[in-house]
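Asker: The sequence shown runs contiguously to residue 250 in my numbering.
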Amino acid sequence: MKTLVFIPTLNEYGTIEGLIRTIRQLHENVDILVIDDNSDDGTLEVLSKFESQGLLLKVINRGSKQGIGSAHIQALNFAQVNRYEILITMDADGAHDPRFIANFLSRITFYDLVIGSRYLRADSLSEWKSFRKLLTRSVHLVTRVFLGLKYDSSSGFRCYKISKMPQAIFTELRSTGYDFFFESLYELNSHKVKIGEVSIFLPARTYGHSKMTLNLALTALKTLMYVSARRLRRLGM
Ligand SMILES: Nc1nc2c(ncn2[C@@H]2O[C@H](COP(=O)(O)OP(=O)(O)OP(=O)(O)O)[C@@H](O)[C@H]2O)c(=O)[nH]1
Ligand SMILES: [Mg+2]
Numbered sequence: 014m015k016t017l018v019f020i021p022t023l024n025e026y027g028t029i030e031g032l033i034r035t036i037r038q039l040h041e042n043v044d045i046l047v048i049d050d051n052s053d054d055g056t057l058e059v060l061s062k063f064e065s066q067g068l069l070l071k072v073i074n075r076g077s078k079q080g081i082g083s084a085h086i087q088a089l090n091f092a093q094v095n096r097y098e099i100l101i102t103m104d105a106d107g108a109h110d111p112r113f114i115a116n117f118l119s120r121i122t123f124y125d126l127v128i129g130s131r132y133l134r135a136d137s138l139s140e141w142k143s144f145r146k147l148l149t150r151s152v153h154l155v156t157r158v159f160l161g162l163k164y165d166s167s168s169g170f171r172c173y174k175i176s177k178m179p180q181a182i183f184t185e186l187r188s189t190g191y192d193f194f195f196e197s198l199y200e201l202n203s204h205k206v207k208i209g210e211v212s213i214f215l216p217a218r219t220y221g222h223s224k225m226t227l228n229l230a231l232t233a234l235k236t237l238m239y240v241s242a243r244r245l246r247r248l249g250m
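1. Under 7 Å from any heavy atom of ligand 1, does the C-beta of SER212 make it?
2. Is it the case that the Cβ atoms of SER61 and VAL72 are separated by a distance below 8 Å?
3. Enumerate in chain order the residues of its own chain whose CB-to-CB distance from VAL43 is below 6 Å, with the five nearest sequence positions on each side excluded.
4. Label ASP49 either buried or exposed according to how many other C-beta atoms from any shown protein chain fall within 10 Å of its C-beta, with 16 as the threshold for buried.
5. So, at 7 Å on beta carbons, what are the nonlocal neighbours of LEU229 in its own chain, with the 5 sequence-adjacent residues on each side left out?
6. Using 8 Å as the Cβ pair cut-off and three pairs as the minimum, do the region 153-160 and the region 172-187 touch?
7. Beta-carbon within less than 7 Å of TYR253's beta-carbon, same chain only, minus the 5 sequence neighbours each way: which residues are those?
8. Would you kindly work out how many angstroms separate the C-alpha atoms of ALA105 and PRO216, rounded to a whole number?
9. When DSSP labels each residue in this structure, what does ASP192 get in the three-state scheme?
10. Rounded C-beta distance between ILE29 and THR22? I'm assuming under 8 Å.
11. Return the bridge partner residues of THR16 from the DSSP annotation.
12. Does any heavy atom of ligand 2 sit closer than 7 Å to the C-beta of ALA230?
13. In the DSSP assignment, what are the bridge partners of VAL47?
14. How is ARG171 classed by DSSP in three states: helix, strand or coil?
15. According to DSSP, simplified to helix, strand and coil, what is ILE114?
16. Would you call the region 228-248 and the region 115-133 touching, i.e. three or more CB-CB distances under 8 Å?
17. In whole angstroms, what separates the C-alpha of ARG243 from that of ARG112?
18. Taking the CB atoms as reference points, tell me whether SER188 and ARG247 lie closer together than 8 Å.
The structure is reproduced here in structure tokens:
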């Protein structure tokens with residue numbers, strides 16, 4: 014199956030090289046697309062070296078910070094326009110282990126979207142600090158209660174079967190940041206896309222820092238309220 018792996022980057026110099034080399038070793042036939050928002054820590058230099066060596070299909074530098082969600086939407090569009098059958102999306106900061114890609118690829122045979130979940134096994138977040146775990150679990154809880162989502166709604170480790178994606182959904186999303194994950198999942202779930210999960214393990218962060226900011230968290234909260242209201246309207250309440 015024609016497969017694209019997509020990685021959004023914003024200052025991931027410490028991890029990007031190892032990540033791309035590992036993906037290449039494990040899956041020599043996949044293409045890799047990176048969308049970067051003008052990293053200034055040397056990430057772009059590593060990426061353009063890999064692009065010229067043919068290790069990467071393409072690097073798109075968007076020139077300014079436009080958000081992780083908008084990068085995912087652009088990747089979905091790229092995959093459709095370039096006729097990929099499968100799109101895998103994953104983070105660059107070392108949180109998403111490429112060894113799980115094989116599990117996604119076998120599971121996607123039975124589903125249209127497969128989410129990498131941190132809630133199927135008790136030890137998925139065993140290395141994380143308690144506060145970080147609490148934050149992630151809170152998102153899981155509120156999206157379950159307010160949006161009716163039983164899946165890991167903030168996970169960016171995903172596998173899409175492109176032909177089964179109602180692409181119009183992605184052009185209508187209001188989210189451009191981290192809210193993309195639960196808003197897109199809510200819409201795909203509402204459109205009866207067949208969703209499955211695979212268990213993933215996330216190590217504690219050893220390089221770099223989170224790109225999540227208070228502003229982005231507040232925006233996500235606002236989006237949550239909008240999408241909850243959308244849900245209530247659809248339920249006729
Ligand atoms: N292109 C682009 N990539 C981004 C942006 N924000 C984050 N990323 C990338 O998206 C991925 C996830 O970002 P993280 O900061 O690790 O977000 P997170 O995993 O929810 O937060 P942590 O658990 O603290 O790591 C990483 O590969 C980032 O480099 C952005 O605005 N633009
Ligand atoms: Mg991360």
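Quick reminder that beta carbons are idealized off the backbone N, C-alpha and C, glycines included.
Answerer: According to the data block:
1. Taking the first residue of the sequence shown as position 1, residue 212 is located at position 199. Not so, every heavy atom of ligand 1 lies at least 7 Å from the Cβ.
2. Taking the sequence shown and counting its residues from 1, the one referred to as residue 61 is at position 48. Taking the sequence shown and counting its residues from 1, the one referred to as residue 72 is at position 59. In this structure, VAL72 lies closer than 8 Å to SER61 by Cβ.
3. In the sequence shown, counting from the first residue as 1, residue 43 sits at position 30. These residues qualify, in order along the chain: THR16, VAL18.
4. The sequence position of residue 49 within the sequence shown is 36, counting from 1. Answer is buried; the Cβ neighbour count reaches 16.
5. Start at 1 with the first residue of the sequence shown, and residue 229 comes out as number 216. Only GLY190, TYR191 meet the Cβ criterion.
6. no
7. There is no way to answer for residue 253, as the model of the chain reaches only from 14 to 250.
8. As a first step, residue 105 must be located in the sequence shown, where it is residue number 92. As a first step, residue 216 must be located in the sequence shown, where it is residue number 203. Roughly 13 Å separates the two Cα atoms.
9. Mapped onto the sequence shown, residue 192 falls at position 179. In this structure, ASP192 counts as helix in the three-state DSSP scheme.
10. What you label residue 29 is simply residue 16 of the sequence shown in a count that begins at 1. What you label residue 22 is simply residue 9 of the sequence shown in a count that begins at 1. Confirmed, Cβ separation roughly 6 Å.
11. As a working mapping, residue 16 is identified with position 3 in the sequence shown. Beta-bridge pairing links THR16 to ILE99.
12. On the sequence shown, position 217 is the one that residue 230 refers to. No, Cβ of ALA230 sits at least 7 Å from all heavy atoms of ligand 2.
13. Taking the first residue of the sequence shown as 1, we reach residue 47 at position 34. Beta-bridge pairing links VAL47 to ILE20, VAL72.
14. By 1-based counting over the sequence shown, the position of residue 171 is 158. Looking at ARG171 - three-state DSSP - the assignment turns out to be strand.
15. Taking the sequence shown and counting its residues from 1, the one referred to as residue 114 is at position 101. ILE114 falls in the helix class under three-state DSSP.
16. Result no; under three Cβ-Cβ pairs closer than 8 Å.
17. Counting from 1 along the sequence shown, the entry for residue 243 is found at position 230. Counting from 1 along the sequence shown, the entry for residue 112 is found at position 99. Rounded to the nearest angstrom, the two C-alpha atoms are 37 Å apart.
18. In the sequence shown, residue 188 corresponds to position 175, counting from 1. In the sequence shown, residue 247 corresponds to position 234, counting from 1. Cβ atoms of SER188 and ARG247: not closer than 8 Å.
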